[in-house]
Amino acid sequence: MILPMSIAFIIIAVAFLTYELVVASKRKHKLEGYIMKNQPVVPLKTNRIIIGFAKEQRKELEQKLLDAGYYNKNLARYYMPFKLLCAALIGAMVFFLIDTDMVSKLVAVFASVVLAMILPDFVLEARKRYMVRKISRNLPYLLDMMSVCVQTGMTIEASFAYLHKELAAFDKDLCYQVKKNV
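Going by the numbering used here, the first residue of the sequence shown is number 1, and it counts up by one from there.
Right under this line is the structure:
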């Protein structure tokens, strides 16, 4: 009598353990599915190479873009690959569209590639100078509004916060500069 009960008990225990292992593996599989969905997508190796190109100069480039009025820092990530792609496309177009001897073609391709690599930096520098002039023109207006705010009893920090909100509709570039100081 004890032997059949022991065998039955062992069979029930093994069945229970098997059931628990199956449930635990399903739970683990489900959790891995949730974890994998919430994990950031790792870019492909080729994308990492393209995006990581000139990573050392990214901070400097981000600052150049901010100074030029482009406030999205993610643009710095794609600036150099875009510049290289444009240079390659322009070089290929010049090579295939010019009907001259090979030396003239190569000189034209070289000149167009150099122009395509240098021109965006000149545009950024020109835009930076334009932004400095634009903000300098609107600075007296900002100072007048700030003096009114301070004369009404606001602190300088509160007046910066208020001017940040008010300037958003008037001048987004000056608004950004005020927001940096808040």
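Ideal Cβ placement from N, Cα and C applies to all residues, glycine included.
Verify whether the separation of the beta carbon atoms of Gly91 and Val107 is less than 9 Å. no
Distance check for His29 and Glu60, CA to CA, integer angstroms please.
45 Å
By how many angstroms is the C-alpha of Asn72 removed from the C-alpha of Lys134? 20 Å
- Query: Is the Cβ-Cβ distance between Val103 and Leu142 less than 9 Å?
  - Reply: no
Say whether chain C places a C-beta atom closer than 9 Å to the C-beta of Lys64. Any reference to chain C falls outside this structure, which holds one protein chain only.
Exposed or buried, Ser112, counting other C-beta atoms within 10 Å across all chains shown (16 or more means buried)? buried
- Can you tell me which of Asp67, Phe82, Asn138 and Asn74 puts its alpha carbon nearest to the alpha carbon of Ala126? Asp67
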